[in-house]
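*Asks:* Residue numbers (my numbering), protein chains in the order written: chain A, -17 to 179; chain B, -17 to 179.
No residue lacks a Cβ here, since even glycine has one placed at the ideal position from N, Cα and C.
All values derive from a computational prediction rather than experimental measurement.
Number of protein chains: 2
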Amino acid sequence: MKGKRVVSPPGRTKIINAMRELLEERNLNSITISDIAVTAGVTEGLIYKYFKDKRDLLHYVLKEHYEVFLLQIKRDLKGLEGALNKLRKIIWSSIERYANHRVFARIILLEVRNSDEYFKSEAYELVREFNRIIIDIIEQGIENSEIRQGLSSSYIRNAIFGTIEHSCMNRAIFNEKVLTDETAKNITELIFNGIKP
Amino acid sequence: MKGKRVVSPPGRTKIINAMRELLEERNLNSITISDIAVTAGVTEGLIYKYFKDKRDLLHYVLKEHYEVFLLQIKRDLKGLEGALNKLRKIIWSSIERYANHRVFARIILLEVRNSDEYFKSEAYELVREFNRIIIDIIEQGIENSEIRQGLSSSYIRNAIFGTIEHSCMNRAIFNEKVLTDETAKNITELIFNGIKP
DNA sequence: ATTAATTGATAAATAATATTTACCAGGATC
DNA sequence: GATCCTGGTAAATATTATTTATCAATTAAT
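(1) Does B:Arg37 come out as helix, strand or coil in the three-state DSSP assignment?
(2) Can you round the beta-carbon distance between B:Arg139 and B:Ile120 to whole angstroms, since I take them to be within the 8 Å contact cut?
(3) Can at least three beta-carbon pairs, one atom from the segment 91 to 102 of chain B and one from the segment 4 to 12 of chain A, be found at a separation below 8 Å?
(4) What do you get for A:Val244, buried or exposed, if any count of 16 or more other CB atoms within 10 angstroms of its CB means buried?
(5) Below 7 Å CB to CB, which residues in the same chain sit around B:Ala87 once its five sequence neighbours on both sides are set aside?
(6) For chain B, is any of its Cβ atoms less than 8 Å away from the one on A:Ala166?
(7) Examine chain A for any beta-carbon lying closer than 8 Å to the beta-carbon of B:Ile177, and answer yes or no.
(8) When the cut-off is 8 Å and only beta carbons count, does B:Ser135 lie next to chain A?
(9) Going along the chain, which residues of its own chain have a beta-carbon closer than 7 Å to the beta-carbon of A:Thr21, five neighbours each way excluded?
(10) So A:Asn140 contacts chain B; which residues on that side make the cut at Cβ distance below 7 Å?
(11) Would you mind reading off the limits of the alpha helix (DSSP H) that contains B:Ile15?
(12) Report the residue from B:Asn82, B:Val109, B:Gly23, B:Glu78 whose alpha carbon sits nearest the alpha carbon of B:His41.
(13) With 9 Å as the C-beta to C-beta threshold (strictly closer), list the residues of the segment 80 to 96 of chain A near chain B in chain order.
(14) Is it buried or exposed, B:Phe33, if we count other Cβ atoms within 10 angstroms and call 16 or more buried?
(15) Check for me: the alpha helix (DSSP H) holding B:Phe174 runs from which residue to which?
(16) Could you say which of B:Phe143, B:Lys178, B:Ile177 lies nearest to B:Thr180 if we only look at CA atoms?
(17) In three-state terms, what does DSSP make of A:His83?
(18) Could you check if A:Gly132 is buried or exposed, using at least 16 other CB atoms within 10 Å of its CB as the buried criterion?
(19) Taking the alpha carbon of A:Ile169 as the point to measure from, which residue in B:Glu26, B:Lys167, B:Ile173 has its own alpha carbon closest?
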């Protein structure tokens, strides 16, 4: 019954899991192809069977993470009314994601943005999709006067995500705990005060 | 007359300049030791005479940049009164720095934070010094009621620098122009609204 | 002034990593 | 039963980073 390619071959799965496992503790640069192969229990060559190179694998891991994140975000927004309510939810959910998934935080905050290939990757496509969702909400908020006019939507987005990312950076770098609720509350309050009409 | 080690040997200077030149256009990962040596017109071995490895050289380049940045910031603050006035100046100066120095922006926003050695480097020491200056100003602002209470100083700092960094990220990545004055104005307005009592 | 140390630099060897290639075994296919 | 995918291996090769041995020109010391 199972379609054309529902399950990925065992070796491939082991490689992906090995990469995740290694990224939990170390940064990309210190992880070698050989490390990945040993951790996965496969041969180095197999990695190149399924991925172009180390970064390609990295982008794939990010893509998987981002897919579930985006799905969660979309579900979170269902049934909510009002731009600010939606933004509040997105802020909380984003922080919660970084707080509970160090690998996700590390990849996106520290590892991908310094390579050209990332911006051609499927993972980046998902990031852009998320970005469009945010921008739409902000513009809707400006339209119905929940958010004051005169500030371009991209500044507001930068403020929201810049603040979130900075607040979660030490989580990614030093494995410091992030208090999701408190952080979300403070950031939301600060930003909402800043953008209210 | 010249002191113990005022001038660095020509080869060393050429290496540092080569690294700066290459970082103007490409990311660290795509720059090889050989690239640096060729650009500098020296042999590869010489690089290891003066620097532990590629990252050590990167940190040195950042340190040089940060020294002049910090000096400028300190001068900027002279004669200013009031926490908000000082913060406004720091925001403008930081944006201006990123806007006019792509190498500086690239190194600090994209290249260093994913390695452990960075956090032991002299460059990072300077970053911490800057950070202390900011935190002091914010706390002083809270004390004399220019800034409202109840928000911890580190949240405010995260908001300020997260927003700035996010706003300058596309400058570092895609070499997009940053409109310093406009960006500074918008960010300042947004943040100050967010933190006023 | 002559020798010894230090300094700035090179060229070549070695080590570490990444990547490609050739090959193999076990199904599915026909 | 021959053929052809598929998932996989092992070994060769390429690329990049790093170390070592050496040298000429100063500088310092006798």
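*Replies:* By the coordinates alone:
(1) Assigned with DSSP and collapsed to three states, B:Arg37 falls in helix.
(2) That belief holds up - the Cβ atoms of B:Arg139 and B:Ile120 are roughly 6 Å apart, short of 8 Å.
(3) Taking 8 Å as the limit for Cβ pairs, the verdict is that the segment 4 to 12 of chain A does touch the segment 91 to 102 of chain B.
(4) It is not possible to answer for residue 244 of chain A, since the shown part of chain A is limited to -17 through 179.
(5) Around B:Ala87: Tyr80, Cys150, Arg153, Ala154.
(6) So, not an interface residue.
(7) Taking a beta-carbon distance threshold of 8 Å, B:Ile177 counts as an interface residue toward chain A.
(8) Interface with chain A (8 Å Cβ-Cβ cutoff): B:Ser135 is excluded.
(9) Excluding sequence neighbours, A:Thr21 sits near Ala0, Glu3, Leu4.
(10) At a beta-carbon threshold of 7 Å, the residues of chain B lying near A:Asn140 are Thr145, His148, Ser149, ordered along the chain.
(11) In the DSSP assignment, B:Ile15 falls within the alpha helix (DSSP H) that extends over 15 to 22.
(12) Out of B:Asn82, B:Val109, B:Gly23, B:Glu78, the CA that lies nearest to the CA of B:His41 is found in B:Val109.
(13) Residues passing the 9 Å Cβ filter: Arg88, Leu91, Leu92, Glu93, Arg95, Asn96.
(14) Answer is buried; the Cβ neighbour count reaches 16.
(15) Note, B:Phe174: alpha helix (DSSP H), 162 to 177.
(16) Residue 180 of chain B is absent from the structure shown; chain B starts at -17 and stops at 179.
(17) Here A:His83 sits in coil by DSSP.
(18) Answer is exposed; the Cβ neighbour count stays below 16.
(19) B:Ile173 is the residue among B:Glu26, B:Lys167, B:Ile173 whose C-alpha sits nearest the C-alpha of A:Ile169.
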